[in-house]
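S.K.: Numbering (my numbering), first residue to last: 395 to 801. For every residue, glycine included, the Cβ atom is placed at its ideal position computed from N, Cα and C.
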């Protein structure tokens with residue numbers, strides 16, 4: 395089954411590459427909407443594939459049953475690949491509208507190709523180092539019953555705020571950072587990096603608090619219907635708590651990496667990533683005997699804290715700082731607003747715990763009401779504290795998503 399899936403999945407590599415190139419072209423012309431929303435098509439197709447599979451399968455599917463049914467294998471593997479194809483193809487009508495004419499040109503001796511090859515070598519090293527850390531985490535998690543499932547389920551939730559918030563901000567920032575670097579505008583480059591860091595932190599601090607307060611009812615509401623059992627909810631939610639601690643450092647580190655790449659520097663990210671993974675292995679070996687899978691998640695958070703500090707220090711030295719005074723002042727305001735939001739969410743949970751019986755209904759109500767209370771409290775507190783970057787966040791993406799008139 396795995397071999398069959400791999401063969402059908404192989405074309406996804408080309409589609410992902412095409413989507414990346416098309417997205418880069420659109421971003422270079424400040425067309426951000428399509429690259430940001432095209433992945434939704436992938437999700438829609440894959441969800442449709444899963445629903446179609448569920449409608450034709452009798453009983454509980456197993457590796458053996460799927461392996462014996464060619465139609466089921468084709469549906470799952472082909473539908474997944476079709477989702478990636480839809481994501482890639484969605485870019486091209488918009489790419490064709492860009493100024494100039496696109497045509498295929500094979501020239502491996504072109505200076506741009508040689509430069510890209512040099513940068514790619516460092517990037518490949520970055521990926522290899524990450525896989526080593528990933529392999530060690532998987533090896534250790536396999537020693538605990540339900541460990542891999544808890545680890546990767548919690549990690550999927552952990553990545554959600556990063557994917558929605560941080561990636562959106564970074565997507566809007568990178569073309570501007572690259573332009574500032576090419577123009578030699580160090581002050582402008584520094585200002586955009588610092589602004590992106592403040593905006594990312596402002597939104598991810600309350601997301602961290604929400605996970606820490608609501609992880610258990612959230613996992614119970616969303617996954618206790620076949621994905622996890624009631625006995626597994628405490629483990630998955632506690633692993634998510636440990637991941638959540640590192641949400642801001644994780645996102646800050648990847649923002650700094652985008653800044654290095656905008657400066658055409660792929661070597662520094664590799665060096666810092668080696669430091670991060672060495673720290674991860676050390677923390678994992680230290681914490682796993684005491685906290686098992688939770689220790690692996692905490693090691694992940696601590697290693698990215700080390701990576702963010704290291705990358706931020708190197709970048710700040712090269713561009714003359716990160717507007718430290720302004721950034722720390724705004725960070726203090728964001729922390730204050732987050733504490734108010736945390737208090738609101740905890741109060742709602744305590745109140746519901748005193749008035750509702752435990753169960754799925756209470757978990758759902760806790761997530762809905764406490765989440766809403768936290769959001770309102772955070773926005774109100776941020777405005778009351780005069781958080782400057784709140785207006786930056788609300789205005790950055792809409793303004794960047796608008797098409798810039800072609801000159």
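Applying the 10 Å Cβ sphere with the 16-neighbour rule, what's the burial state of residue 775?
M.R.: So residue 775 counts as buried.
S.K.: Who are the Cβ neighbours of residue 750 in its own chain at under 6 Å, not counting the five residues just before and after it?
M.R.: Around residue 750: 756.
S.K.: How close, in whole Å, do the beta carbons of residue 734 and residue 607 come, if the pair is a contact with beta carbons under 8 Å?
M.R.: That belief does not hold up - the Cβ atoms of residue 734 and residue 607 are roughly 13 Å apart, past 8 Å.
S.K.: Considering Cα atoms alone, identify which of 637, 657, 697, 395 is closest to residue 548.
M.R.: The residue with the shortest Cα to Cα distance from residue 548 is 637.
S.K.: CB-CB under 7 Å to residue 600, same chain, minus the five flanking residues each way: which ones, in chain order?
M.R.: Same-chain partners within the cutoff: 732, 735, 768, 772.
S.K.: Between residue 498 and residue 488, what straight-line distance do the alpha-carbon atoms span, to the nearest angstrom?
M.R.: Taking the straight line from one Cα to the other gives about 18 Å.
S.K.: Given this structure, state the Cα-to-Cα distance separating residue 714 from residue 693, to the nearest angstrom.
M.R.: The straight-line gap from Cα to Cα measures roughly 31 Å.
S.K.: Starting from residue 848, trace the alpha helix (DSSP H) both ways and give me its first and last residue.
M.R.: The structure shown does not extend to residue 848, since the chain spans only 395 to 801, so no value can be given for it.
S.K.: Should the segment 421-435 be regarded as contacting the segment 463-474, the criterion being three or more beta carbon pairs within less than 8 Å?
M.R.: Result no; under three Cβ-Cβ pairs closer than 8 Å.
S.K.: Return yes when the Cβ of residue 560 is within less than 7 Å of the Cβ of residue 721, no when it is not.
M.R.: No.
S.K.: What number of angstroms, rounded off, separates the C-alpha of residue 678 from the C-alpha of residue 700?
M.R.: Answer to the nearest angstrom: the Cα atoms are 14 Å apart.
S.K.: What residue from 675, 672, 704, 630 has the CA that sits closest to residue 649's CA?
M.R.: Ranking the options by Cα distance to residue 649, first place goes to 704.
S.K.: What alpha helix (DSSP H) runs, 4 residues minimum, are completely inside the segment 718-791?
M.R.: Complete alpha helix (DSSP H) runs here, min 4: 718-749, 754-759, 765-778.
S.K.: Return the residue from the list 518, 597, 662 that minimises the CA-CA distance to residue 643.
M.R.: That would be 597, whose Cα lies nearest to the Cα of residue 643.
S.K.: Output yes or no for whether 7 Å exceeds the beta carbon distance between residue 399 and residue 478.
M.R.: Not closer than 7 Å, so no.
S.K.: Give the single residue among 613, 558, 430, 667 whose Cα lies nearest to the Cα of residue 708.
M.R.: Taking only the C-alpha atoms, the option nearest residue 708 is 667.
S.K.: Going by alpha carbons, who is nearest to residue 595 out of 463, 702, 634, 532?
M.R.: That would be 702, whose Cα lies nearest to the Cα of residue 595.
S.K.: Any idea if residue 754 is buried or exposed, counting beta-carbon neighbours within 10 angstroms, 16 or more meaning buried?
M.R.: By the neighbour-count rule (16 or more Cβ atoms within 10 Å), residue 754 is not buried but exposed.
S.K.: Excluding the 5 residues preceding and the 5 following residue 486 in the sequence, name in chain order all residues of the same chain whose CB lies nearer than 7 Å to its CB.
M.R.: Contacts found: 416.
S.K.: Need the endpoints of the alpha helix (DSSP H) that residue 575 sits in, please.
M.R.: Taken as a continuous stretch (DSSP letters only), the alpha helix (DSSP H) holding residue 575 covers 561-576.
S.K.: Quick check on this structure: which residue in 647, 655, 404 has the alpha carbon closest to the alpha carbon of residue 669?
M.R.: Of 647, 655, 404, the residue nearest in Cα terms is 647.
S.K.: Check residue 803 in the structure and name its three-state DSSP category.
M.R.: Look at the range of the chain in this structure, 395 to 801, and you will see that residue 803 is not part of it.
S.K.: Is residue 660 closer than 7 Å to residue 517 when the C-beta atoms are compared?
M.R.: Cβ atoms of residue 517 and residue 660: closer than 7 Å.
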